Amino acid sequence: MISWPQSRSPLLDSVVLNPVQKEAVVYDEGPQLVFAGAGTGKTRVLTAKIAFLIQEKGIPPHQIFAATFTNKAAREMQLRVESLTGLPLKGLWIGTFHSLCARLLRREASRFGFSPSFSIFDADDQLSQVKKTVRELNLDERTMPPKTLLSAMSRYKNACIQPQTLVEKQGSYFEQELVRVYTAYQESLTRQQAMDFDDLLAQSVYLLRRDEDVRRSYQAHFRYVLVDEYQDTNLAQFYLVKLLAGAGNRVFVVGDDDQSIYAWRGAQVENILSFETVFPGTKVFKLEENYRSTEAILAFANAAITPNVVRAAKTLWTGRKGGAGVLVTRYRDDRMESESVCDAVKAALSRGVKARDVAVLFRTNAQSRLFEDSMRKRRMAYVLVGGMSFYERREIKDCLAYLRLCVNPKDDVSGERILNVPPRGLGDKSRDLLVAGAREAGQSLAELICGNDRPLPALLARGQKGLSELREVLLLLFELVKDNASPHTVCSEMLTLTGYLTVFEGEDSEEAEARIENVNELLNALAIWTEENPSRGLAEFLEEISLASDLDRWERKDDAVNLMTLHCAKGLEFKSVFIVGCEDGILPSRQNFDDEAKIEEERRLFYVGITRAMETLECSSADQRFRFGNLLPMIPSRFLSAVPDALYSFIDKSGYIAQPREERHHAHSLDFGTRQGHRRAEPAPHHEQAFSHAAAPDDFSQETVQYRMGQQVAHKIYGRGKIVNLSGFGDDMRMTVLFNDGSRRKLMAKFADFETL
DNA sequence: CCATCACCACTTTTT
DNA sequence: GTGGTGATGG
27 MISWPQSRSP
37 LLDSVVLNPV
47 QKEAVVYDEG
57 PQLVFAGAGT
67 GKTRVLTAKI
77 AFLIQEKGIP
87 PHQIFAATFT
97 NKAAREMQLR
107 VESLTGLPLK
117 GLWIGTFHSL
127 CARLLRREAS
137 RFGFSPSFSI
147 FDADDQLSQV
157 KKTVRELNLD
167 ERTMPPKTLL
177 SAMSRYKNAC
187 IQPQTLVEKQ
197 GSYFEQELVR
207 VYTAYQESLT
217 RQQAMDFDDL
227 LAQSVYLLRR
237 DEDVRRSYQA
247 HFRYVLVDEY
257 QDTNLAQFYL
267 VKLLAGAGNR
277 VFVVGDDDQS
287 IYAWRGAQVE
297 NILSFETVFP
307 GTKVFKLEEN
317 YRSTEAILAF
327 ANAAITPNVV
337 RAAKTLWTGR
347 KGGAGVLVTR
357 YRDDRMESES
367 VCDAVKAALS
377 RGVKARDVAV
387 LFRTNAQSRL
397 FEDSMRKRRM
407 AYVLVGGMSF
417 YERREIKDCL
427 AYLRLCVNPK
437 DDVSGERILN
447 VPPRGLGDKS
457 RDLLVAGARE
467 AGQSLAELIC
477 GNDRPLPALL
487 ARGQKGLSEL
497 REVLLLLFEL
507 VKDNASPHTV
517 CSEMLTLTGY
527 LTVFEGEDSE
537 EAEARIENVN
547 ELLNALAIWT
557 EENPSRGLAE
567 FLEEISLASD
577 LDRWERKDDA
587 VNLMTLHCAK
597 GLEFKSVFIV
607 GCEDGILPSR
617 QNFDDEAKIE
627 EERRLFYVGI
637 TRAMETLECS
647 SADQRFRFGN
657 LLPMIPSRFL
667 SAVPDALYSF
677 IDKSGYIAQP
687 REERHHAHSL
697 DFGTRQGHRR
707 AEPAPHHEQA
717 FSHAAAPDDF
727 SQETVQYRMG
737 QQVAHKIYGR
747 GKIVNLSGFG
757 DDMRMTVLFN
767 DGSRRKLMAK
777 FADFETL
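Each number in this note's numbering comes from the position in the first sequence (counting from 1) with 26 added on.
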């Protein structure tokens, strides 16, 4: 380990770097590429590099452009650099490509006829807009599926191909119509002063390409361009790096081709593999010493990735000899897998492992449910990352649409969304009339409704009242925003004015209650944000929301196990990792069977999962799994069989307790699983007893907690009470509890967090 | 106009 | 098992 010989800074002296890492940090000639294998300290190098540039090279923070993969990574990196240099780094351009581009585009908005407060459309908004465009062009949604169109447009945008350059080209019917849709879609976005995710990148590229002044000024301004996770950049991001770097090529990128897992959304591994040719004179550094995983895990990882053909040669090694072997397990079905994995997690916790250091990783979000159920049943705390995020819920999106409209009244996707929310008698018919009227007047929906300079289109009588109500609401909200009211005030005012919650309050369903709770949580989040960002307004809040991923909001909790997809786990590390659902069809995904390049990406995904583990790793598979509502036979992943047996221990728990005399390998024959529509099998046997107590098949803890009428219970929040009613059973059991404070509550048994007395 | 019900396709992965 | 869409009737 070497410290900084010529450093004047005691803080920089404190960074421990190996010789290669140090060389990469200090080198300062031309373009630089760091091949950083998993766990080789790439974040450390990147942070040290930025600190070095600021402190030793005297580059002002605002002249550094650093793109990370998540906003969270950016925040953490900034904090670390700040603590290294002891300087606040206010102006540093650090963030995801998307947020950095948004920042650039807002600064330069006037140059391309946009307002700096343009909206950012997320996937949901994009889809609404495409659907609308398809309808306007009188296309059939079945032959021209909006989703397909959207992904095709996304491909064009990733390659920075504008619709006007496509018009001349001839192609299939689909392609020709695609160009029409693409053209109309972009026009509508411009009209609404909106950018979608892809536009943030593409429009930045167009701007820098088109406007020499802008390009020159940014090239002169940024003295360094740094990119993390370079293997996952797409063509637009590559162009950006190239355009921003300019002739000086002060570019420093870090990545690992073996961890490239986003080709499906346009990332090109070629960016990293051909970096040296594209940036002549590149200095390459290779980090191959892994500081994260035990030798056993690393050997397993190396073996798992070996079959890939498309990769730069490298071999990770570690000085940490030994370590617990990797465990590969095979279960009867998905339920048994989740139960057993949760038991194994629980066992680890009782051995003293902290829940925060444990992760269960899966290929698809749908797999999380079983694990959530199993953990809840065991009263184990967990954090689920990803899936349906808070800000994607309908009620939240409704509220946000109002807020977005306040910032950008031209946003018709938001306008149409809230037109009849809550229901105010403005249905499809009224909407069409208003949209047509707005189009004719050259205005947006909100502008038309709020402007009084022009008679509104004749509406059905029923709509008039609702329309003037909406107008009042919007006018009041616009007024508030003009007076710089806090985001929290605007939102709560909107709720009062529209009576959004009264519909739910009238309903007595769990769902309505959850909605109300979510909206309250949003208000809460707004209040906190306002407090933490007193100088920033609604527009900034909305931008932060729309560019933040679920992972960005994730925080490790000391006592909660982490549940997430393999994609989400990139860049993270955990002492104990469980990779579940290691089956052909899941990992690798069935949809990628046909293409060897895609299989290789799936294999890299597996590799990413493996290399998250520091101390223990278990990879599990199930012989049968519920998918699409039926029980399907599964076989263990080809990725597992590619790893030599000697590198792991294998435990087969897939045998049937009901057929103890059967030969073991018959026990998991497929005939059992082919009956379609089969209901989920009886409670799975505890895995440690699977073969030992054939006579006691089902005393497993499916329902260890029993409830009965009149029973006394104690709830964490509501205190003590008595069960006065019960209905349903299993996961659907509901109960009414009369608490000692006099309140009466309906609860789902499976969620109810209390002790029986 | 809106609530309800039947039917359908769908599950990769996300800034 | 989900969630979105389309037909129907109040």
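Where is the CB? At the ideal position from N, CA and C, for every residue including glycine. Just so we're clear, the structure is a prediction, and the values are computed from it rather than from any experiment.
Residue range 639-653 is occupied by the beta strand (DSSP E) that includes cysteine 645.
Ranked by Cα distance from glycine 451, the first of Tyr417, Ser494 and Ala462 is Ser494. Check the Cα spacing between phenylalanine 388 and each of Glu628, Gly84 and Ala740: the tightest is with Glu628. Excluding residues up to 5 positions away in sequence, Leu204 lie with their Cβ nearer than 7 Å to the Cβ of alanine 178 in the same chain.
As the crow flies, the alpha-carbon of glutamate 108 is around 6 Å from that of leucine 115.
Residue state for aspartate 222 is assigned as strand, using DSSP reduced to three classes. With a threshold of 16 other beta carbon atoms within 10 Å, glycine 197 falls short and is exposed. Within the model, the alpha-carbon separation for valine 71 versus tyrosine 182 is close to 34 Å.
7 Å or more divides the Cβ of aspartate 369 from the Cβ of glutamine 650.
Leaving aside the five residues that flank leucine 527 on each side, the residues in its chain whose CB is nearer than 7 Å to its CB run, in chain order, Leu521, Ile542 and Val545. Counting every other CB atom within 10 Å of its CB across the protein chains shown gives proline 172 a total of 16 or more, marking it as buried.
Fully contained in the region 397-456 are the following alpha helix (DSSP H) runs of length 4 or more, in chain order: 420-433 and 438-445. For the pair aspartate 576 and serine 394, the CB atoms are not nearer than the 7 Å cut-off. The three-state secondary structure of phenylalanine 95, taken from DSSP, is coil.
Comparing C-alpha distances from glutamine 229 to each of Met170, Ala262 and Ala551 shows the shortest one belongs to Ala262. Unbroken alpha helix (DSSP H) runs of no fewer than 4 residues, entirely contained in the region 527-586, are found at 528-532, 536-558, 564-573 and 576-579, following chain order. Within the region 150-224, the complete alpha helix (DSSP H) runs of at least 4 residues fall at 172-184 and 199-217. For the set Leu568, Ala329 and Ala350, the Cα lying nearest the Cα of serine 512 is the one of Leu568. The shortest CA-to-CA distance from arginine 616 to any of Arg664, Met640 and Leu592 is the one to Arg664. At a cut-off of 4 residues, the continuous stretches assigned as alpha helix (DSSP H) that sit fully inside the region 341-403 are 360-376 and 394-403. Relative to valine 447, the option among Thr524, Arg402 and Leu501 whose CA is nearest is Thr524.
Less than 7 Å divides the Cβ of valine 669 from the Cβ of alanine 329. Listed in chain order, the beta strand (DSSP E) runs fully inside the region 263-299 are 277-281, counting runs of at least 3 residues. DSSP places phenylalanine 311 inside the beta strand (DSSP E), whose first and last residues are 309-313. Rounded to the nearest whole angstrom, the CA to CA distance from glutamine 245 to alanine 273 is 8 Å.
With a threshold of 16 other beta carbon atoms within 10 Å, glutamate 609 meets it and is buried. Residue environment for phenylalanine 200: exposed (fewer than 16 other C-beta atoms within 10 angstroms of its C-beta). Contact between leucine 313 and glycine 67 holds, with the beta-carbon distance rounding to 7 Å and staying under 8 Å. When DSSP states are grouped into helix, strand and coil, glycine 611 belongs to the strand group. Aspartate 584 is a Cβ neighbour of arginine 382, given a cutoff of 7 Å. Selection Gln257, Ser366 and Tyr265 evaluated against arginine 241 yields Tyr265 as nearest (Cα-Cα). At a Cβ-Cβ threshold of 7 Å, proline 614 and isoleucine 625 count as neighbours. DSSP places proline 670 in no alpha helix (DSSP H); its state is neither H nor E.
Counting only the Cα atoms, tyrosine 53 lies some 44 Å from glutamate 418. Fewer than three beta-carbon pairs drawn from the region 147-157 and the region 121-137 are found closer than 8 Å, and the two stretches are therefore not classed as touching. Listed in chain order, the beta strand (DSSP E) elements of length 3 or more contained wholly in the region 45-100 are 58-62 and 90-94.
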